[in-house]
Amino acid sequence: MRELDDHYGDLATAIDDREIELVHILEEEVSKFASILLSVNDDLAELDCLLSLAKVTFERTWVRPKILNQNTIQIIAGRHPLVEGCVENYIPNDTHLVASAPSKAQRKKRKSTESYTGNPMIVLTGANFSGKSVYLKQVAMIVIMAQLGSFVPAEEAHIGIHDAVFTRVSTTESASRSSSAFMIDLLRVSFMLRNCTARSLLLIDEFGKGTDPTDGQALFCGVIEHLISRGSSCPITLVSTHFHGVFTNGFLSLDLPIDYTHMCIVLKDGGGPEEENSPTYLYKLAPDLVSSSHAMGCAAQAGVPRHIRLKADRVSRLLSRHEILELLDVRLDEDEREELGRMEETVRRFVAIDFEQDGLSSCRDWMAYLRENVLENER
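Those letters in the sequence shown? Residues 1 to 379, per UniProt numbering, in order.
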């Protein structure tokens, strides 16, 4: 037994040693042709990409884009090259952007029914989950594919040459990074603004949402106004936002060279707050802004409990009407209601005074009213 063990054990070890030796010899021989093999590998990888692009071009009826010297993006019925393969029916959308913005007078001559005016910037609003981010990425991917030499998912595409694509689209947090999500967003936007040129393409998706809403809206307005102030050097920019107040309150003028758009939805009128806020998403780009994100409908689809959605809907409605007392459920006693009534009457009288027309007499009457009705009560 010992003799067999020694014999076969030594034989197995010899086989392993010989195998290692042969592998080492093979490595030395192959390494002589390393540069050729790496070059062939690169060529095969490129061929694989070209064959894949050619295959999908025929399968999905992609078209040859026209590359222009002008700084423009004109896409008819564009589609997202990845998302269209994951859904049964993909809704295409147009894109018309030019870096040389028309003057205010030229914009006023446009028909109000036109969806796009050929401005350097699109601001996209709409409900949550309505396809805003997909649209932004779709435009960027078509531009990149066109400059790669690939056919693109559209009926027609005229693409100007861009020197870079800058994005603030999604934020990935990590414990290994010493920055918050909002700080990461700021760093990206700061890098974007410092390095972009008139030939760049910018994507800004819901910038400012990671901090106090007031500060977020202020930063959002500042970025938009800075880009527009560059004039002919303003890069082509696509922006999505839920900050509807910056437009309804006039913080950003509607006369700026910006195409204000939204993603269409259809609301189901079922007779109650939950059903009224249940949207059907059409994923179709349309002109003009919208003033609601329909977050409650998105919450319903996500399975948020009904009592939470009803409470949130009530709070949202009261805040939008500035009915703070009802929101806080404050009960006023008789004296407090009387005092509130006097305050309201004082404010109404003051607002109704026309100081320019009535002159000093209105000031004297107002001071007399204050002495009789306000100062006396405070004593």
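All residues carry an ideal CB built from backbone N, CA and C; glycine is no exception.
Span of the beta strand (DSSP E) holding residue i?
i	result
E156	156 to 160
N93	93 to 98
L201	200 to 205
A164	164 to 168
Y281	279 to 287
K66	66 to 68
T57	From DSSP, T57 is part of no beta strand (DSSP E) but of the alpha helix (DSSP H) over 34 to 59.
C264	258 to 267
I75	72 to 78
T214	First-last for T214: 213 to 229, but that is the alpha helix (DSSP H), not the beta strand (DSSP E).
Using only the alpha-carbon positions, how far apart do residue i and residue j sit?
i	j	result
E28	E21	11 Å
T171	L203	13 Å
C298	A154	29 Å
A352	I122	42 Å
H244	F58	42 Å
V143	D354	58 Å
D17	L37	28 Å
L360	T214	40 Å
N71	A312	45 Å
F220	A127	19 Å
S115	P287	Because S115 carries a pLDDT of 42, less than 50, the predicted location of this residue cannot be relied on, and the following value inherits that uncertainty. Taking the straight line from one Cα to the other gives about 5 Å.
R371	T346	12 Å
E356	N373	24 Å
T113	L51	Confidence is the limiting factor: at T113 the pLDDT is only 37, short of 50, which leaves the residue's position unreliable and the question unanswerable from this model.
Are the beta-carbon atoms belonging to residue i and residue j less than 9 Å from one another?
i	j	result
residue 388	I159	With the chain represented from 1 up to 379, any question about residue 388 goes unanswered, as that position is not in the structure.
L201	I236	yes
T167	T241	no
L289	C264	no
N93	K284	yes
L267	I228	no
L187	V223	no
A157	K32	no
W62	F151	yes
S80	M145	The sequence given here has His at residue 80, not Ser. Contact flag unset, no.
L97	L310	no
V139	I73	yes
Thinking just about the alpha-carbon of each residue, which of the options is nearest to the one in residue i?
i	options	result
Q147	R64, C196, V351	R64
P279	V143, T346, V87, Q301	Q301
A198	E225, P120, S179, V304	P120
S293	K284, F247, R188, S130	S130
C196	D163, M343, M145	D163
A99	L285, M296, S233	S233
Y90	R60, L97, I73	R60
Please list the terminal residues of the continuous alpha helix (DSSP H) segment that includes residue i.
i	result
T172	Element bounds for T172: n/a, residue is neither H nor E.
S362	360 to 370
S320	306 to 320
T346	334 to 352
Quick check: the segment 249 to 261 against the segment 199 to 216, are at least 3 beta-carbon pairs closer than 8 Å? Touching, no.
Is there contact between the segment 42 to 51 and the segment 127 to 143, where contact requires at least three CB pairs shorter than 8 Å? no
Taking 8 Å as the cut-off, does the segment 332 to 344 touch the segment 306 to 322 (at least 3 CB pairs, one atom from each stretch)? no
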